[in-house]
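This report concerns only the one structure given below.
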Amino acid sequence: MKKSKLVLLFGVLFALVFSLAACSGDDEASGSEDGDGDVTLDFWVFGATNYEDLAKEYEKDHPGVKIKVKTSETDDHHNSLFTSLSAGSGAPDIAMLEIDQLDRFKEAQDRFVNLYDMGADEVQDQYLEWKWQIGENSDGDFLFGLPTDIGPKAMFYRTDLFEEAGLPTEPDGVEALIQTKDDFIEAGKQIKEKTGKPLLDSMEMAYRAVIDGAEESFFDKDGNLLIENDGNAVRKAYDLAVELNELGLVGEYTMWTPEWGNAVNNGDFAVELGAAWLKGWMLDNAPDASGKFRIATLPKEFAGNWGGSYIAIPKETEHAEEAYEFAKWLVSPDSQLKSFTSEAGLFPSSPVVYEMEEFKNTEDEFFGGQSTAQYFANAAEDISFIYKGPKYKAANDEILNALSNVQQQDGDPDDEWDAAVERIKALISR
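Just so you know, UniProt numbering puts 301 at position 301 of the sequence shown, and the rest follows in order with no gaps.
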């Protein structure tokens, strides 16, 4: 009798321990549900966004949903996400994917929720066609992410340096003066001669003048390497950077370094071919430059997109519906307007926003009271679909390394190009 009671007691204890372990496992899983029945969604983001504030706003209007926002540096964010997806555990319910890294994640399509299955086609007409298309798979029947911000480019120029060089200083005059690559170079020569300052901050910015608008660059959709083909955009971009360096029209400032920040602030170069998000950085970090910059439309051959993201839902979430509803709200035109007018200054991918009065009537004191928003809106609607490929970032880094060797170590441009091509071939053969 005592033995049977002891067996029964062990059975009860075992069941209790198993039950507690199962509950603990559920709490640690993505998209946990607390004792009150509330759903908690883990949301991984990178960089400077206003998504924490928007998440709190969403929570107020949706009492049953809590959003836990985790912010990391760009590379750490994507590497952690890729590791979690590969392991099949530990991924968040919702994640940002940066446009240059998106194709890398497309190789793990089975690890994501197809947002077309969630009804995303119902909101497709609210977004720029090229931005939406980049978020799809090659067959166009799987949507990885909803569009967030974009990075249409424009010419940020110093009016004081243009004036000192005897060039126009108003946007219309600058645009009339600089309509082609050759016009750009001639203006740079005049600035260098009259002021002693370079046209651009770095060879990388000269390279990006071409590469950011290339519909195909390193790879085609079948994974074939294109950079040795005649007329390839990567080689054109590389050659432009080399040419401007040989003419003394580029500086040696690496973006985001203290030296580069001081150069922006002090006017140590005349032009930045910047994306819309650069405005936010300038407002916070270049106070002495306030009123001295204006924005003009780039020559068509330099037009392009630099940056932007998507909101994706990893498949292991237990709350795909709640995650999708939040993501849809987060990138809605009204929310994108809030992201644009916030300190983050995220530029909208929804042209619906471009017609809103609050968007059209913005004036930027930093840019002398110029209303800059429409310049970027016009640029955004001129951009075409851009294909990068899963190994774009790694391949692009090799070209940037080659350009650095040309400038910093007096490397021969053709030799450095050939060496970079060989490194890229080795990279894609792994």
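For every residue, glycine included, the Cβ atom is placed at its ideal position computed from N, Cα and C.
Reference A48; option with closest CA among G368, I313, W417, G345 = Position 48 of the sequence shown holds residue 48. Closest option to A48, Cα to Cα, is G345.
Check the DSSP bridge columns for Y387 and list the partner residues they point to.
-> Within the sequence shown, residue 387 is the residue found at index 387, counting from 1. Bridge partners of Y387: E216.
Leaving aside the five residues before and after L9 along the sequence, list all residues of the same chain whose C-beta is less than 8 Å from its C-beta, in chain order.
-> What you label residue 9 is simply residue 9 of the sequence shown in a count that begins at 1. Note on L9: pLDDT 39, under 50, position unreliable in the model; the coordinate value appears next. Cβ neighbours of L9 beyond the five flanking positions: none.
State the Cα-Cα distance for the pair S371 and L167, rounded to the nearest angstrom.
-> Within the sequence shown, the letter at position 371 stands for residue 371. Within the sequence shown, the letter at position 167 stands for residue 167. Distance between S371 and L167, taken at the CA atoms: about 22 Å.
Alpha-carbon spacing of E28 relative to T71, whole angstroms = Residue numbering aside, residue 28 sits at position 28 when the sequence shown is read from its first letter. Residue numbering aside, residue 71 sits at position 71 when the sequence shown is read from its first letter. Residue placement at E28 is poorly supported in this model, since its pLDDT is 42, which falls under 50; the coordinates still yield a value, given next. Approximately 19 Å between the Cα atoms of the pair.
K338 versus W417, Y51, D182, residue with shortest Cα-Cα distance = Taking the sequence shown and counting its residues from 1, one reaches residue 338 at position 338. Of W417, Y51, D182, the residue nearest in Cα terms is Y51.
Short Cβ contact (7 Å threshold) for R104 with P314 | Taking the first residue of the sequence shown as position 1, residue 104 is located at position 104. Taking the first residue of the sequence shown as position 1, residue 314 is located at position 314. No.
Where DSSP assigns a beta bridge to R294, which residues make up the other side?
-> Residue mapping note: residue 294 aligns to position 294 of the sequence shown, counting from 1. Per DSSP, Y157.
To which residues does DSSP link P348 through a beta bridge?
-> Sequence index remark: in the sequence shown, residue 348 carries index 348 (1-based). Answer is D149, bridged to P348.
Minimum length 4: unbroken alpha helix (DSSP H) runs contained in the segment 251–338 = 258–266, 278–285, 320–330
For D110 and G369, the rounded distance between their alpha carbons = Start at 1 with the first residue of the sequence shown, and residue 369 comes out as number 369. Start at 1 with the first residue of the sequence shown, and residue 110 comes out as number 110. Using only the alpha carbons, I get a separation of about 49 Å.
N-terminal and C-terminal residue of the alpha helix (DSSP H) that M205 is part of = Within the sequence shown, numbered from 1, the residue matching residue 205 stands at position 205. Segment 203–211, the alpha helix (DSSP H) holding M205.
Terminal residues of the alpha helix (DSSP H) in which S89 lies | As a working mapping, residue 89 is identified with position 89 in the sequence shown. Segment: none, S89 is in no alpha helix (DSSP H) and carries neither H nor E.
For the segment 300–312 and the segment 145–160, state whether three or more C-beta atom pairs, one from each stretch, are separated by less than 8 Å.
-> Look at the beta carbons and you see the segment 300–312 touching the segment 145–160: at least three pairs across the two are nearer than 8 Å.
In the DSSP assignment, what residue or residues form a beta bridge with E136?
-> As a first step, residue 136 must be located in the sequence shown, where it is residue number 136. In the DSSP assignment, E136 is bridged to L143.
Based on the DSSP output, what are the partners of E98 in its beta bridges?
-> For this step, residue 98 is matched to residue 98 along the sequence shown. BP columns for E98 point to S309.
From G119, G64, S429, I134, pick the residue whose C-alpha is nearest to that of N305; which is it?
-> Taking the sequence shown and counting its residues from 1, the one referred to as residue 305 is at position 305. Answer by Cα proximity: I134.
Identify whether K194 lies in helix, strand or coil by the three-state DSSP scheme.
-> In the sequence shown, the residue the question calls residue 194 occupies position 194. Residue state, collapsed to three classes: helix.
Given a cut-off of 7 Å, decide if K181 and E301 are closer than it, judged by their beta-carbon atoms.
-> Position 301 of the sequence shown, counting from 1, holds the residue named residue 301. Position 181 of the sequence shown, counting from 1, holds the residue named residue 181. Cβ atoms of E301 and K181: closer than 7 Å.
Look up K221 in the DSSP assignment and say whether it is helix, strand or coil.
-> Here residue 221 refers to the residue found at position 221 of the sequence shown. DSSP places K221 in coil when its eight states are reduced to three.
I428, enclosing beta strand (DSSP E) - first and last residue | Residue numbering aside, residue 428 sits at position 428 when the sequence shown is read from its first letter. It is not in any beta strand (DSSP E) - I428 instead sits in the alpha helix (DSSP H) that spans 413–429.
Specify, as a first and last residue, the run of the alpha helix (DSSP H) that I399 falls within.
-> Here residue 399 corresponds to residue number 399 of the sequence shown, with the count starting at 1. Where I399 is concerned, the enclosing alpha helix (DSSP H) stretches over 392–408.
Per-residue DSSP class, three states only, for A22 | Your numbering for residue 22 matches position 22 in the sequence shown. Its pLDDT being 39, under 50, A22 is placed unreliably by the model, and the measurement read from it follows with that caveat. It is helical.
Would N137 be called buried (16 or more neighbouring beta carbons within 10 Å of its own) or exposed?
-> Position 137 of the sequence shown holds residue 137. Around the beta carbon of N137, a 10 Å sphere encloses fewer than 16 other beta carbons of the protein chains shown; the residue is thus reported as exposed.
What is the C-beta distance between L161 and I191, in whole angstroms, given that I count them as a contact (C-beta under 8 Å)?
-> Taking the first residue of the sequence shown as position 1, residue 161 is located at position 161. Taking the first residue of the sequence shown as position 1, residue 191 is located at position 191. Yes, L161 and I191 are in contact; Cβ-Cβ is about 6 Å, under 8 Å.
Integer Cβ distance of N245 from V406, believed to fall under 8 Å = Here residue 245 is taken as the residue at index 245 of the sequence shown, counted from 1. Here residue 406 is taken as the residue at index 406 of the sequence shown, counted from 1. Right, their Cβ atoms sit about 7 Å apart.
State the beta-bridge partners of L200 as determined by DSSP.
-> The count along the sequence shown starts at 1 and reaches residue 200 at position 200. According to DSSP, L200 bridges with V250.
Please check the pair V45 and V69, which I expect to be a contact at CB under 8 Å, by giving their CB distance rounded to whole angstroms.
-> On the sequence shown, residue 45 is found 45 positions in, with the first residue counted as 1. On the sequence shown, residue 69 is found 69 positions in, with the first residue counted as 1. Between V45 and V69 the beta-carbon gap is near 6 Å, inside 8 Å, which marks them as a contact.
Considering L54, what are the terminal residues of the alpha helix (DSSP H) in which it resides?
-> To locate residue 54, count along the sequence shown from 1; it is residue 54. Per DSSP, L54 belongs to the alpha helix (DSSP H) from 51–61.
For P413, does the count of other Cβ atoms within 10 angstroms reach 16, so buried, or fall short, so exposed?
-> Locating residue 413 in the sequence shown gives position 413, counting from the first residue. It is buried - the Cβ of P413 has at least 16 other Cβ atoms within 10 Å.
Taking Cβ positions, are A91 and E316 nearer each other than 7 Å?
-> One-based indexing of the sequence shown puts residue 91 at position 91. One-based indexing of the sequence shown puts residue 316 at position 316. In contact: A91 and E316 (Cβ atoms closer than 7 Å).
For S84, which three-state DSSP category applies?
-> Working through the sequence shown from its first residue, we reach residue 84 at position 84. Residue state, collapsed to three classes: helix.
Cut-off 8 Å between Cβ atoms - residues of its own chain near S80, not counting five sequence neighbours on either side | Position 80 of the sequence shown holds residue 80. These residues qualify, in order along the chain: W44, S72.
Just reading off the alpha helix (DSSP H) that F359 is part of, what are its end residues?
-> For the purposes of this step, residue 359 is taken as residue 359 along the sequence shown, with counting starting at 1. Its alpha helix (DSSP H) spans residues 357–360.
From the DSSP output, read off the bridge partner residues of D364.
-> Taking the first residue of the sequence shown as 1, we reach residue 364 at position 364. D364 pairs with Q370.
Taking A402 as the reference, which of V421, W277, S89, D288 has the closest Cα?
-> The count along the sequence shown starts at 1 and reaches residue 402 at position 402. Per the Cα distances, V421.
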